[in-house]
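Scroll down for the structure; my scribbles are underneath it.
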Amino acid sequence: EERELTRKVLHVLDWVPARILMLAFAVTGNFSQTAGVLGDSLADLDSSAREQLIAGADAAMGFPPPMTETDAPAQRVSELQGLLQRSAGAWIAVIAVLTILA
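For the sequence shown, the numbering used here gives the first residue as 629, with consecutive numbering after it.
The following block contains the structure:
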């Protein structure tokens, strides 16, 4: 019973950062496609953060879903690396602006 409660709490704690990262994917990638996936994921409390992030990354890169662990050719890996770098840059900019305003 405690394990199940712990699993549910961890799932909820994973939910927020995954959606924030998907928002960064939308801003730095294909916005219209990712916004649709993000909108769907906001109501979906059952899917894991991993599943949602894969769907969000695929949408941001413009790849058709779903990308599986065995379906990661070099092009997707390279595109994902670029997406993560752009997302990190966007968050650094947001943090810099918040620091200046504070």
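Every residue, glycine too, gets a C-beta built ideally from N, C-alpha and C.
Here the structure is a predicted model, which is why all the values come from computation and not from measurement.
Whole-Å CB distance - residue i paired with residue j, under 8 angstroms assumed
i	j	result
Thr-662	Gly-684	6 angstroms
Min CB distance residue i to chain C below 9 angstroms
i	result
Gly-690	Of the protein chains in this structure there is only one, and it is not chain C.
Residues near residue i by beta carbon distance below 8 angstroms, same chain, minus five either side
i	result
Met-689	Gly-657, Asn-658, Arg-704, Glu-707, Leu-708, Leu-711
Proximity of residue i and residue j at Cβ, strictly below 9 angstroms
i	j	result
Ala-677	Trp-719	no
Gln-680	Arg-647	yes
Val-640	Met-650	no
7 angstroms CB neighbourhood of residue i in its chain, flanking five on each side removed
i	result
Arg-714	Thr-656
Ala-654	Thr-662, Ala-663, Leu-666, Ala-688
Val-722	none
Ala-652	Ser-715, Ala-718, Trp-719
Contact the region 707 to 719 vs the region 669 to 682: 3+ CB pairs below 8 angstroms: no
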